[in-house]
Structure formats: structure tokens, C-alpha cells
Amino acid sequence: MDRFAIHGGHRLEGSIEVSGAKNAALPILAACLLSADKFELSNVPQLQDIRTMQRLLAGMGVKLVRDGHQMQVQADAVSSVEAPYELVKTMRASILVLGPLLARFGEAKVSLPGGCAIGQRPVDQHVKGLQAMGAEIRIEHGYLNARAKRLHGARIVTDMVTVTGTENLMMAAVLAKGTTLIENAAREPEVVDLAQMLVQMGAKIEGIGTDRLGIEGVEELKGARYKVMPDRIEAGTFLCALAACGGRIRLESAHPASMDASLEKLRDAGARIRCGEDWIEMEMASRPRPINLRTAPYPGFATDMQAQFMALNALADGTSVIHETIFENRFMHVQELNRLGADIQIEGHTAIVKGVAALSAANVMATDLRASAGLVIAALVARGTTTIERIYHLDRGYEAMERKLQNLGAQVERLK
Ligand code: UD1
23 MDRFAIHGGH RLEGSIEVSG AKNAALPILA ACLLSADKFE LSNVPQLQDI
73 RTMQRLLAGM GVKLVRDGHQ MQVQADAVSS VEAPYELVKT MRASILVLGP
123 LLARFGEAKV SLPGGCAIGQ RPVDQHVKGL QAMGAEIRIE HGYLNARAKR
173 LHGARIVTDM VTVTGTENLM MAAVLAKGTT LIENAAREPE VVDLAQMLVQ
223 MGAKIEGIGT DRLGIEGVEE LKGARYKVMP DRIEAGTFLC ALAACGGRIR
273 LESAHPASMD ASLEKLRDAG ARIRCGEDWI EMEMASRPRP INLRTAPYPG
323 FATDMQAQFM ALNALADGTS VIHETIFENR FMHVQELNRL GADIQIEGHT
373 AIVKGVAALS AANVMATDLR ASAGLVIAAL VARGTTTIER IYHLDRGYEA
423 MERKLQNLGA QVERLK
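Just so you know, my numbering puts 145 at position 123 of the sequence shown, and the rest follows in order with no gaps.
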């Protein structure tokens, strides 16, 4: 298993390209199941999770040709409608094939994801919504077995804001008979990106970007050419690293308009930020100020940025409070940050972070994707050489992270 060895204490300086968004590319790839036509996707990030989705689709008979960040996809000879446990257990987002399979083929067999490191993460809202659209869904031998002659429109109010739930229901509704209304829909930019691709395919969707989506089903969808949006979480992670290390960087191919909550918090922490339509420049010249935050659905502060900001707060000049409201078990990085010398206490869903003047290197273990990103940030500032084990978590969602950090002057090495 690969490890990172990070020698901390270097300022970051330079410029890097932001990759395509993992959480937009995954539903967009699943959406290719909705048509027999050809898709040409660009800006698809090179990540483990994308390779898992490729394997999942290839197992169904979908043709995929990858050339760097371009991908051609065609689902004109689908021979299986099954998402097997072996793949779903490594990537929960595999559930995203459920809606498209059911809508186009009238059946789907998708393994239940089961628990994961950051909490229970049930899929009851996906199931409830599809049932409202006429699907028969039974749980047998750990699988969701779903059937429907043709889905029909329905009014669906989800119990909570769910990102992949909204995406699954939207992908089911675009081919259903009649009109579907999804209330309490997720407004994440990645949901918008998927909706825009569906519209290019001929879908009729109103209210894109709001919490109320009106979808009029069509008989058939066509292929599309689509460029995946930039990854706001990757971009935010590099900015947090800069805020912790000090220095000045420029991010190219970014999408600052989707990053308001993070950019505002970074400004509160003391960063100077300038943005254009697709670039961000940030400078950090002082020790970070502590910032309180509460995770929330978009446009609130993203739970996927919580660990990175906690690493930043660990070094801040004062005490901060972080509330995690989305996932019940998303503080696993705390123990590891404390091993690096941070002073963080957890009380229920709240972390109290007392900033320390310096962190010191140690051996730490990555536990999930964004937790690992928090550890990388802490290691970049810690005195000495930190090793981070199990970085396969990082490889799921960060493209060439060590190379990008090296470009900024950080001392990061991948040990095989
Ligand atoms: C997506 C993102 C993930 C991000 C999360 C929250 C992808 C591939 N992943 O995950 O990176 O951290 O949004 O922004 O886009 N819930 C239920 N029942 C359901 C569905 C969700 O109880 O049927 C709960 C979850 O347990 C969680 C909350 O709703 O507490 C939000 O989860 P959700 O938005 O669905 O997260 P994901 O879509 O899995």
C-alpha cells in the first residue's frame, strides 16, 4: 500500500490546474446509460473512483474508451443491469446507476452499499422516490432488485437534502411518463452539472439550481458532448493548504462561483483572494485566524471541506468550533491530527479546536478521502517528516496530488 512522506514547513508558491470534479463526473458517467447514442466527455479526472465507475459500466456491456481526460462512452449493447457488491462496497456512488437502469431498461439489481467509514449513509430516499414513480423494489440477498414497466411522474419530497438521491431521481424522471416534481432537491453545483448534461441529451428540466426540480419525461434521449465542471473540493483543499503553509498560489481551470462558502471562510482566516471567471489567486502572509463553521447542504459550507478547515484551525491563533451536521461520524481525522500535536476535542457533533503554534511530524493513517486531505495539510506544516499510510483513500478523489503539491514547492514523496 502506498504512503506519503511529507517534509513539512515549506511555503507554497506557484500555479496549478484544477481537475474535473469527481462528484460531477460520476453521475455524468451513470447518465450515459440513459441513451444508446455516443457520448464524448472531457475534463474527466483520472481517479480511482472514476476507474471503479468505468469497471461498473463495462461490466454491464457499456463501451468506454479513455484518452487522457477525454472519454467516449456508448451504452448501445447493455447485457447486464447488475451493480455487484465487489464494486459497490468500494464506492457508494455506484448507487447512481439505479435510476438510469430502471428508467431505460425497466430493471436494475444494485448491491446495497452497507455502512461506510463516515457513517451509516442509507439509500432509503433513493428507494422511496423510485417507488413513488412506480418502481417495485425488493431487498434480497443484500441487493436492491428494482422493476418497473415504465416509471411515471410523481411528486417527491425527500426527508433531507441528498445529493446522489436527487441525482438518481432526476435521472429516473427524465425518461418517466409524465411530470415529476422533486422537492427539497440538492442544489450542489455537481447536481447542476448533471442536469445541464441531461438537458443537452434532450431532457426537460425546470428549476435547475433550485430546491424544486420539475421534470417532464421524454420518450428517448440522445448522446452529448460534455465537459465536466472543475472540482471545487480539490481547489478548496489546495487553498486550505496554502492558508496553513503561507505563500501565494494561482489555480487555473477553477470555478470560484461554486466556492463562495469556502472562499469567505478563507478570507476570514486572513487570506487575500482574487478571482476571475475560471481562476483564483490567493496569498497568505500571516498565521490563520480561527474560524467557526457549520456544515450544511449547498450553498452552505460543504462537509467535504470540513477536515481540511479543521487542519487549518488546528494552527490558528485562537479557538474555533466546528459543527458537522451532515454525517454522524466524520471526525475520524481528529485523533490523527492530535497525534501531530493538534489540540482538538469532540463533543457529539461538535469539535472544539484550540489552535497551537506548531505541529510536529508523526506517522498517521488516512481513514477516508477528505480526512486524508486534512492530514496532508497538517503534514505540510508539521515540523519534520510525517508519513501518511493508506493514501489509496486520497487516490480515490485527488488526481496526482503529490505532483501538484511538488509544483507548489512542497516536499511530498510517494513511497510504494
Ligand atoms: C454526496 C457526495 C459526498 C458528499 C455528500 C454531502 C457524491 C458522489 N458524493 O454523497 O462527497 O460528502 O454528498 O455533500 O456526490 N441520507 C439518508 N438517506 C438517503 C440519502 C441520504 O439518510 O437515502 C443522509 C445521509 O446519510 C447523510 C445526508 O443524508 O446524512 C446527506 O447525504 P447525501 O447528500 O445523500 O450524500 P451522498 O450523496 O452519499
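No residue lacks a Cβ here, since even glycine has one placed at the ideal position from N, Cα and C.
Cα-Cα separation, THR409 to LEU220: Stepping through the sequence shown from its first residue, residue 409 is reached at position 387. Stepping through the sequence shown from its first residue, residue 220 is reached at position 198. Looking at the backbone, the Cα of THR409 and that of LEU220 are separated by about 43 Å.
Strand pairing of ARG169, partner residues [DSSP]: Against the sequence shown, residue 169 aligns to sequence position 147. DSSP lists GLU129, GLU158 as the beta-bridge partner residues of ARG169.
7 Å CB neighbourhood of ALA329 in its chain, flanking five on each side removed: Start at 1 with the first residue of the sequence shown, and residue 329 comes out as number 307. Closer than 7 Å at the Cβ level, and outside the excluded window around ALA329, lie HIS355, ARG392, ALA393, ALA395, GLY396.
Reduced DSSP category for THR407 - H, G, I as helix; E, B as strand; rest coil: Here residue 407 refers to the residue found at position 385 of the sequence shown. When DSSP states are grouped into helix, strand and coil, THR407 belongs to the strand group.
Terminal residues of the beta strand (DSSP E) in which TYR248 lies: Residue numbering aside, residue 248 sits at position 226 when the sequence shown is read from its first letter. From DSSP, the beta strand (DSSP E) with TYR248 extends over 247 to 249.
Under the three-state DSSP convention, the category THR186 falls into: As a first step, residue 186 is located in the sequence shown; it is residue number 164 there, counting from the start. Under the three-state reduction of DSSP, THR186 is assigned to helix.
CB of ARG247 within 9 Å of CB of PHE61, strictly: Your numbering for residue 247 matches position 225 in the sequence shown. Your numbering for residue 61 matches position 39 in the sequence shown. Their beta carbons are under 9 Å apart, which means ARG247 touches PHE61 by this criterion.
Cβ-heavy atom distance, ALA45 to the ligand UD1, below 8 Å: Working through the sequence shown from its first residue, we reach residue 45 at position 23. Correcting the residue type first, residue 45 is Asn in the shown sequence and not Ala. It does: the Cβ of ASN45 is within 8 Å (strictly closer) of some heavy atom of the ligand UD1.
LYS426 classed as buried or exposed, judged by whether at least 16 other C-beta atoms fall within 10 angstroms: Taking the sequence shown and counting its residues from 1, the one referred to as residue 426 is at position 404. Residue environment analysis places LYS426 among the buried positions, since at least 16 neighbouring C-beta atoms fall within 10 angstroms of its C-beta.
MET219, enclosing alpha helix (DSSP H) - first and last residue: Position 197 of the sequence shown, counted from the first residue, corresponds to residue 219. First-last of the alpha helix (DSSP H) with MET219: 211 to 222.
Beta bridge counterpart(s) of SER64 as assigned by DSSP: If you number the sequence shown from 1, residue 64 lands on position 42. Partner(s): LYS249.
ASN45 classed as buried or exposed, judged by whether at least 16 other C-beta atoms fall within 10 angstroms: Walking along the sequence shown from the start, residue 45 turns up at place 23. It counts as buried.
For ALA43, the first and last residue of its enclosing alpha helix (DSSP H): Residue 43 sits at position 21 when you count from the first residue of the sequence shown. Secondary structure note for ALA43: it is in no alpha helix (DSSP H), with a DSSP letter that is neither H nor E.
Close-in-space but distant-in-sequence residues of the same chain around LEU124 (CB under 7 Å, 5 per side omitted): Position 102 of the sequence shown, counted from the first residue, corresponds to residue 124. Non-local beta-carbon contacts of LEU124 in its own chain, meaning distances under 7 Å to residues more than five positions away in sequence, involve ALA130, LEU152, ALA157, ALA168, ALA170, LEU173, ALA194 in chain order.
Three-state class that DSSP yields for GLY258 in the structure shown: Position 236 of the sequence shown, counting from 1, holds the residue named residue 258. In the structure shown, GLY258 sits in a helix (DSSP, three-state: H, G or I).
Closer than 8 Å: HIS277 CB and nearest the ligand UD1 heavy atom: Counting from one through the sequence shown, the residue named residue 277 turns up at place 255. Answer for HIS277: no, Cβ out of range of the ligand UD1.
GLY187 CB to nearest heavy atom of the ligand UD1 below 8 Å: The residue you call residue 187 lines up with position 165 of the sequence shown. Checking the Cβ of GLY187 against the ligand UD1 gives yes.
Per-residue DSSP class, three states only, for SER308: In the sequence shown, counting from the first residue as 1, residue 308 sits at position 286. When secondary structure is reduced to three states using DSSP, SER308 falls in the coil class, being assigned neither helix nor strand.
Cβ-heavy atom distance, THR232 to the ligand ZN, below 8 Å: No copy of the ligand ZN occurs in the structure displayed; its ligands are the ligand UD1 alone.
Among GLN70, GLY406, ALA384, PRO321, nearest to VAL213 - alpha-carbon criterion: Stepping through the sequence shown from its first residue, residue 213 is reached at position 191. Comparing Cα positions, the closest option is PRO321.
Nearest-angstrom beta carbon gap, LEU243 and LEU56 [assumed within contact, 8 Å]: On the sequence shown, position 34 is the one that residue 56 refers to. On the sequence shown, position 221 is the one that residue 243 refers to. About 5 Å separates the two Cβ atoms, so the contact holds.
Nonlocal neighbours in the same chain, by C-beta distance under 6 Å from ARG272, ignoring five residues either side: Taking the sequence shown and counting its residues from 1, one reaches residue 272 at position 250. Same-chain partners within the cutoff: SER37, GLU303.
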